[in-house]
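The opening residue of the sequence shown carries number 1 in UniProt numbering; numbering runs sequentially from there. Backbone N, C-alpha and C fix where the C-beta goes; we use that ideal spot for every residue, glycine too.
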Amino acid sequence: MTDLPNKRYESQTLQNKVYNQKEVFDSTKFMVELMKQYEDVKDTHYDYINQNITFIDTKTNKGYIAKSTFKLNVKDEMKDKDGCLLREVITEIIEAIPTRVSEGVDYATKVNISVSIEFISRVCVKDFVMIQGKVFKLLDNNGIGDAILYDPYTNQVIAKCQCVFVTNEMSYKL
Numbered sequence: 001m002t003d004l005p006n007k008r009y010e011s012q013t014l015q016n017k018v019y020n021q022k023e024v025f026d027s028t029k030f031m032v033e034l035m036k037q038y039e040d041v042k043d044t045h046y047d048y049i050n051q052n053i054t055f056i057d058t059k060t061n062k063g064y065i066a067k068s069t070f071k072l073n074v075k076d077e078m079k080d081k082d083g084c085l086l087r088e089v090i091t092e093i094i095e096a097i098p099t100r101v102s103e104g105v106d107y108a109t110k111v112n113i114s115v116s117i118e119f120i121s122r123v124c125v126k127d128f129v130m131i132q133g134k135v136f137k138l139l140d141n142n143g144i145g146d147a148i149l150y151d152p153y154t155n156q157v158i159a160k161c162q163c164v165f166v167t168n169e170m171s172y173k174l
């Protein structure tokens, strides 16, 4: 992996924080690996997906706080008889990605309170798919993000997601 530039951009927050691209990259990678060891989800479907996801890269830019790219290794049991991803797999992975990106930015676990998923096209997938997640706004207790799941061989978008999330400590107040 090449060294990332030490870029800094103003984020989209009320606090006007500045995020360092290398720090966000390192912490997102750490959070993905940490979730693979999380005891509360061992032997669940969520754990199965966690074990098959790989963090690829993170970018920062003026239009968003962070954009992270992930690779999901697709197993046969994740596909239907036509070779397309099952909707429950799409739903589970795509709704988790924006919060995962956010957790890499500020180390605080998140819970989605509003999720909108759009299934774009049924695509027969091969051995893996790519997911890009972005965080647009990140305040003290909440944030806004989105994700796109696509087939890297054809660049066809399979699904899109938009979500609003809160920090885990805030979820009990809802």
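| Check | Outcome |
| --- | --- |
| Euclidean distance between Cα positions of V24 and D140 | 17 Å |
| Per-residue DSSP class, three states only, for G121 | In the sequence on display, residue 121 carries Ser and not Gly. Correct three-state label for S121: coil. |
| C84 versus V123: straight-line alpha-carbon distance, rounded | 5 Å |
| Pair within 8 Å by beta-carbon distance, V111 and N61 | no |
| From N73, V125, V74, residue whose alpha carbon lies closest to that of T154 | V125 |
| Test item: CB-CB of T54 and A66 under 8 Å | no |
| Exposure label - N73; buried when at least 16 CB within 10 Å | exposed |
| Selected residue, minimal CA-CA separation from I56, among F165, V101, K81, G143 | V101 |
| Three-state secondary structure assigned by DSSP to D57 | strand |
| Residues that DSSP places opposite Q162 in a beta bridge | S116, D146 |
| Cα-Cα separation between D76 and F70, rounded to whole angstroms | 19 Å |
| F165 versus G145: straight-line alpha-carbon distance, rounded | 8 Å |
| Rounded Cβ spacing between Y64 and F136 (contact assumed at less than 8 Å) | 5 Å |
| Limits of the alpha helix (DSSP H) - the one that T91 falls within | 87-106 |
| Bounding residues of the beta strand (DSSP E) (the contiguous stretch that carries V129) | 128-138 |
| Beta-carbon spacing of S68, T99 below 8 Å | no |
| Nearest candidate by alpha-carbon position, reference C163, set M78, T91, S121 | T91 |
| For S114 and I97, the rounded distance between their alpha carbons | 14 Å |
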